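J.: Going down the list, the protein sequences come from chains U and E. Under my numbering, think of the first position of the first sequence as 414, with each following residue one higher. Under my numbering, think of the first position of the second sequence as 414, with each following residue one higher. Glycine is no exception: its CB is placed at the ideal position from the N, C-alpha and C atoms. A quick note: this is a predicted structure, and the numbers were derived from the prediction, not measured.
There are 2 protein chains.
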Amino acid sequence: MGTVVALTGQVGGAKLVDGLYRLRGKDLAAIVNTGDDYEHLTLRFSPDIDTLLYVLSGMASPAAPWEPAGESHALYATLKQFGGPQELTLGDKSLAAPLLRTAWLAADRRLTAITLDFCRQLGITARVLPMTDDAVRTYVLTEDGEVSFQEYFTTLACEPVVKGFHYAGAEDAMLTPEVSDALDSADLEAVILCPANPYHTIRPILEVPGMRELLRKRKAPVIAVTPIVGGRALRGSAAKIMSELRHEASARRVALEYLRLIDGFVIDAEDAAGAEDVRASGIEVLVANTVMRTLEDRTALARAVLAFAQTIRERRLQEA
Amino acid sequence: MGTVVALTGQVGGAKLVDGLYRLRGKDLAAIVNTGDDYEHLTLRFSPDIDTLLYVLSGMASPAAPWEPAGESHALYATLKQFGGPQELTLGDKSLAAPLLRTAWLAADRRLTAITLDFCRQLGITARVLPMTDDAVRTYVLTEDGEVSFQEYFTTLACEPVVKGFHYAGAEDAMLTPEVSDALDSADLEAVILCPANPYHTIRPILEVPGMRELLRKRKAPVIAVTPIVGGRALRGSAAKIMSELRHEASARRVALEYLRLIDGFVIDAEDAAGAEDVRASGIEVLVANTVMRTLEDRTALARAVLAFAQTIRERRLQEA
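Following this line, the structure appears as structure tokens:
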């Protein structure tokens with residue numbers, strides 16, 4: 414068996430990566446969105462990275478995988494007593510990674526090295542790789558102007574109508590050696606675009622110069638898994654944003670977002686009727702259960718996606 | 414009644430300031446040592462300020478007044494999981510003030526303004542004033558070289574033999590308008606050097622250029638309260654340090670440290686025999702119970718010290 418690379422972010426992405434990790438362990442690399450990173454109280458928060466670390470290490474709260482289980486809020490309560498910000502709930506445990514990340518970045522360590530160190534400490538054998546060590550910040554263009562993704566997501570509660578996105582800093586961001594090595598690996602078996610918002614989770618990763626080119630080399634099949642089931646985002650605002658961008662909020666529309674980049678697309682059984690439309694655009698389609706409610710769902714979907722990639726790879730070999 | 418100024422730091426100092434605060438409320442200003450401040454994980458810790466804020470606001474743990482009551486360590490435990498420093502216990506609640514202080518300093522606010530804001534938020538009507546807004550750092554000269562006070566106190570557990578102290582940055586530190594106003598106040602009634610280590614708590618305050626001059630103007634009696642009772646420091650390493658500096662570890666020796674700066678000295682009943690020696694050096698002496706075990710002890714000692722100052726003031730008026 415070869416190596417597998419996942420492009421990921423958000424909770425849905427973390428769940429599929431967890432399934433892949435349970436199957437492949439150290440032969441998995443996850444390239445994680447950092448466009449949603451932000452600074453708060455001078456600390457560097459990397460929500461997509463931390464969610465994935467919590468999930469892969471088994472620390473995550475089952476009900477709220479973006480934070481460690483048994484979270485408490487003693488620091489936050491005291492912060493309020495001292496006149497600190499009232500609006501954002503900072504869990505005690507959730508502050509640990511940002512605090513250490515901030516300190517190590519201040520000591521001139523690379524975000525990638527810090528994240529890999531976190532993996533080692535937590536006993537995660539897969540490689541969790543930030544999409545870049547440079548600052549890329551996703552901004553949401555709304556009818557009232559441009560706001561950071563973090564402000565859109567928390568303060569504005571995803572309410573303003575979205576007109577577009579802006580990935581500030583992306584044009585100057587550099588691929589890291591670790592990301593290049595993972596995507597350029599001789600034994601690369603599959604690249605999986607995890608079920609996550611295509612605009613502010615997967616797209617920022619693709620915006621890092623060189624990332625699309627590495628994918629287009631087609632060293633291995635590139636498979637995307639839909640974040641939209643039955644016209645609804647499983648979690649988050651993907652469907653809302655798609656309709657505001659005047660796109661159909663559907664799985665097949667997500668496939669079009671990845672046109673010329675992916676070989677295969679995984680849609681939910683609920684959307685099986687749309688499979689032919691996607692196939693018509695030259696993308697192979699797997700219909701599967703994409704809703705991951707249990708740990709078994711995660712490994713089942715991961716297994717199905719990897720088998721789908723192998724089918725595509727074998728067909729390619731036959732055609733060659 | 415006029416205003417009272419206390420020079421303070423450590424737990425003993427905070428206890429006496431608390432007694433003074435219970436008697437005088439908003440007519441009290443506490444000038445606090447910041448020579449023990451340090452940076453850890455990019456956060457700015459001001460232990461003497463925070464201890465005083467916890468004590469005056471009633472938040473302090475009775476058993477460990479340098480931290481809020483009901484302290485927890487969820488963040489610290491998670492920090493260790495992520496490979497963070499193992500040696501220093503960071504309480505969840507105790508991190509709130511450093512975190513907010515760091516953020517507000519980064520936003521170019523003055524340490525004094527931040528501390529006064531904390532007072533307002535916590536409902537403390539007295540003014541808690543850092544000795545300066547500038548960085549002064551106390552270093553301990555040991556036989557093995559110079560170490561920061563923080564390292565001496567925590568990592569080295571006060572073990573190396575002390576040869577002296579160095580107050581880095583003191584020569585360039587500036588008095589704040591708030592400290593000048595407090596010591597220059599027309600209705601100043603007493604200045605009290607609280608029971609605290611003379612070398613690394615009271616002395617750094619005195620090293621801020623202009624501080625000694627303001628005290629020597631003698632706008633009001635200056636009274637010091639001994640931190641040494643029966644040859645022992647009530648808490649901390651004062652007695653150990655004094656003997657290593659080849660000084661007698663005694664209350665009267667502390668009085669000599671403040672020679673020409675103080676008008677009166679408060680020693681414990683246990684040390685009453687040493688009173689004459691101190692008086693011989695031209696300092697008036699009050700013998701009192703200086704050991705503050707209960708809240709009542711704090712106000713009783715504060716009341717005795719203020720009465721002592723009034724006696725000195727009245728005698729001066731008679732002599733004038």
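1. Alpha carbon to alpha carbon, how far is U/Val604 from E/Leu456?
2. May I ask you to check if the CB of E/Leu512 is nearer than 6 Å to at least one heavy atom of the ligand GDP?
3. Within the 7 Å Cβ cut-off, does E/Phe495 reach chain U?
4. How big is the Cα-Cα spacing for E/Leu420 and E/Ala482?
5. Straight-line CA distance for E/Ile696 to E/Ala520?
6. Residue range of the beta strand (DSSP E) that U/Glu661 falls in?
7. On the DSSP letters alone, give me the boundaries of the alpha helix (DSSP H) that E/Asp547 sits inside.
8. For U/Gln499, I'd like the list of residues in its chain whose CB is within less than 7 Å of its CB, leaving aside the five on either flank, ordered along the chain.
9. To the nearest angstrom, report how far apart U/Pro478 and U/Met624 are at their CA atoms.
10. Of all Cβ atoms in chain U, is any one closer than 7 Å to the Cβ of E/Phe531?
11. Would you say U/Ala664 and U/Ile636 are within 7 Å of each other, going by their C-beta atoms?
12. Can you say whether U/Lys428 is buried or exposed, counting buried as having 16 or more other CB atoms within 10 angstroms of its CB?
13. Pair every Cβ in the region 523-537 of chain E with every Cβ in the region 572-581 of chain E, then say whether three or more of these pairs are closer than 8 Å.
14. Any contact between the region 439-454 of chain E and the region 539-558 of chain E? By contact I mean 3 or more CB pairs, one from each, below 8 Å.
15. Fully enclosed by the region 675-725 of chain U, which alpha helix (DSSP H) runs are 4 residues long or longer?
16. If you measure from the beta carbon of U/Thr525 to each beta carbon in chain E, is any gap under 7 Å?
17. Could you tell me whether the Cβ atoms of E/Gly582 and E/Ala548 are closer together than 7 Å?
18. Taking the runs of the beta strand (DSSP E) that are 3 residues or longer, which of them lie wholly in the region 564-602 of chain E?
19. Show which residues of chain U have a CB atom less than 7 Å away from the CB atom of E/Pro481.
20. For E/Val700, collect the residues of the same chain with a Cβ closer than 7 Å to its Cβ; drop the 5 residues on either side in sequence, then sort them by chain order.
21. At the level of alpha carbons, what is the spacing between U/Leu469 and U/Asp431?
22. Between the Cα of U/Val638 and those of U/Gly425, U/Arg631 and U/Val417, spot the shortest distance and give me the residue it belongs to.
23. Taking only runs of the alpha helix (DSSP H) that begin and end inside the region 456-502 of chain U, which ones reach a length of at least 4 residues, in chain order?
24. With H, G and I counted as helix, E and B as strand and the rest as coil, what does DSSP make of E/Glu670?
25. In whole angstroms, give me the CA-to-CA distance for U/Tyr467 and U/Asp440.
26. In angstroms, rounded to a whole number, what distance separates the CA positions of E/Ala476 and E/Glu484?
27. Using the C-alpha atoms, what's the distance from E/Gly415 back to E/Leu436?
28. Hey, could you find the ends of the beta strand (DSSP E) U/Thr416 is sitting in?
29. In terms of residue numbering, what span does the beta strand (DSSP E) encompassing E/Glu452 cover?
30. Identify, in the order they occur along the chain, each residue of the same chain with its Cβ nearer than 6 Å to the Cβ of E/Glu670, setting aside the five sequence neighbours on each side.
31. Which residues in the same chain as E/Ala662 place their Cβ atom closer than 6 Å to its Cβ, once the five residues preceding and following it in sequence are excluded?
32. Does any residue of chain U have a CB that is nearer than 7 Å to the CB of E/Leu465?
33. By the 7 Å beta-carbon criterion, what residues does the region 501-519 of chain U contribute toward chain E?
34. What residues in the region 440-466 of chain E bring their beta carbon closer than 7 Å to a beta carbon of chain U?
35. Can you pull out the residues from the region 534-559 of chain U whose beta carbon lies closer than 7 Å to at least one beta carbon of chain E?
T.: Well, looking at it:
1. Locating residue 604 of chain U in the first sequence gives position 191, where the first residue counts as 1. Locating residue 456 of chain E in the second sequence gives position 43, where the first residue counts as 1. About 40 Å.
2. With respect to the ligand GDP, the structure shown offers nothing to examine, as it has no ligands at all.
3. Residue numbering aside, residue 495 of chain E sits at position 82 when the second sequence is read from its first letter. At a cut-off of 7 Å, the C-beta of E/Phe495 has a neighbouring C-beta in chain U.
4. The residue given as residue 420 of chain E occupies position 7 in the second sequence. The residue given as residue 482 of chain E occupies position 69 in the second sequence. Cα-Cα distance, rounded: 25 Å.
5. Within the second sequence, numbered from 1, the residue matching residue 696 of chain E stands at position 283. Within the second sequence, numbered from 1, the residue matching residue 520 of chain E stands at position 107. Approximately 46 Å between the Cα atoms of the pair.
6. Here residue 661 of chain U refers to the residue found at position 248 of the first sequence. From DSSP, U/Glu661 is part of no beta strand (DSSP E); its letter is neither H nor E.
7. Taking the second sequence and counting its residues from 1, one reaches residue 547 of chain E at position 134. Judged by DSSP secondary structure, E/Asp547 falls outside any alpha helix (DSSP H); it is assigned neither H nor E.
8. Mapped onto the first sequence, residue 499 of chain U falls at position 86. The answer, listed in chain order, is Lys493.
9. Taking the first sequence and counting its residues from 1, the one referred to as residue 478 of chain U is at position 65. Taking the first sequence and counting its residues from 1, the one referred to as residue 624 of chain U is at position 211. Straight across, the Cα-Cα distance linking U/Pro478 with U/Met624 is about 28 Å.
10. Here residue 531 of chain E refers to the residue found at position 118 when the second sequence is read from its first residue. Any Cβ of chain U closer than 7 Å to the Cβ of E/Phe531 would place that residue at the interface, and such an atom is present.
11. Within the first sequence, numbered from 1, the residue matching residue 664 of chain U stands at position 251. Within the first sequence, numbered from 1, the residue matching residue 636 of chain U stands at position 223. Taking a C-beta distance under 7 Å as the contact criterion, U/Ala664 and U/Ile636 do not qualify as a contact pair.
12. One-based indexing of the first sequence puts residue 428 of chain U at position 15. When all chains shown are included, U/Lys428 counts as buried.
13. With the cut-off at 8 Å, the region 523-537 of chain E and the region 572-581 of chain E do not touch.
14. Yes, they touch.
15. Taken in chain order, the whole alpha helix (DSSP H) runs of length 4 or more contained in the region 675-725 of chain U are 688-693.
16. Here the question's residue 525 of chain U lines up with position 112 in the first sequence. No, no contact with chain E.
17. As a first step, residue 582 of chain E must be located in the second sequence, where it is residue number 169. As a first step, residue 548 of chain E must be located in the second sequence, where it is residue number 135. In this structure, E/Ala548 lies closer than 7 Å to E/Gly582 by Cβ.
18. Taking 3 residues as the minimum length, the beta strand (DSSP E) runs contained wholly in the region 564-602 of chain E are 575-581, in order along the chain.
19. Indexing the second sequence from 1 puts residue 481 of chain E at position 68. Using a Cβ-Cβ cut-off of 7 Å, E/Pro481 is close to Thr491 of chain U, given in chain order.
20. The residue labelled residue 700 of chain E in the question sits at position 287 within the second sequence. For E/Val700, where only same-chain residues beyond five positions count, the Cβ hits under 7 Å are Ile680, Ala682, Ala685 and Ala688.
21. Position 56 of the first sequence holds residue 469 of chain U. Position 18 of the first sequence holds residue 431 of chain U. Looking at the two C-alpha atoms, the distance is approximately 6 Å.
22. Counting from one through the first sequence, the residue named residue 638 of chain U turns up at place 225. Checking every option, the nearest Cα to that of U/Val638 belongs to U/Gly425.
23. Runs of the alpha helix (DSSP H) inside the region 456-502 of chain U: 460-470 and 487-494.
24. Taking the second sequence and counting its residues from 1, one reaches residue 670 of chain E at position 257. E/Glu670 falls in the helix class under three-state DSSP.
25. Here the question's residue 467 of chain U lines up with position 54 in the first sequence. Here the question's residue 440 of chain U lines up with position 27 in the first sequence. Approximately 19 Å, taken between the alpha carbons.
26. Position 63 of the second sequence, counted from the start, is the residue given in the question as residue 476 of chain E. Position 71 of the second sequence, counted from the start, is the residue given in the question as residue 484 of chain E. CA-CA distance, E/Ala476 to E/Glu484, rounds to 11 Å.
27. For the purposes of this step, residue 436 of chain E is taken as residue 23 along the second sequence, with counting starting at 1. For the purposes of this step, residue 415 of chain E is taken as residue 2 along the second sequence, with counting starting at 1. Using only the alpha carbons, I get a separation of about 12 Å.
28. Counting from 1 along the first sequence, the entry for residue 416 of chain U is found at position 3. Start and end: Thr416 to Thr421.
29. What you label residue 452 of chain E is simply residue 39 of the second sequence in a count that begins at 1. DSSP places E/Glu452 inside the beta strand (DSSP E), whose first and last residues are Tyr451 to His453.
30. For the purposes of this step, residue 670 of chain E is taken as residue 257 along the second sequence, with counting starting at 1. Pro611, listed in sequence order.
31. As a position in the second sequence, residue 662 of chain E is number 249, starting the count at 1. Excluding sequence neighbours, E/Ala662 sits near Gly644, Ala652, Met655 and Ser656.
32. What you label residue 465 of chain E is simply residue 52 of the second sequence in a count that begins at 1. No, because no Cβ of chain U sits closer than 7 Å to the Cβ of E/Leu465.
33. Cβ contacts with chain E come from Asp505, Lys506, Leu508, Ala509, Ala510, Leu512, Leu513, Thr515, Ala516 and Ala519.
34. Those residues of the region 440-466 of chain E that come within reach of chain U (Cβ to Cβ, closer than 7 Å) are Leu454 and Thr455.
35. Within the region 534-559 of chain U, Gln534 and Leu535 place their CB atoms closer than 7 Å to a CB of chain E, listed in sequence order.
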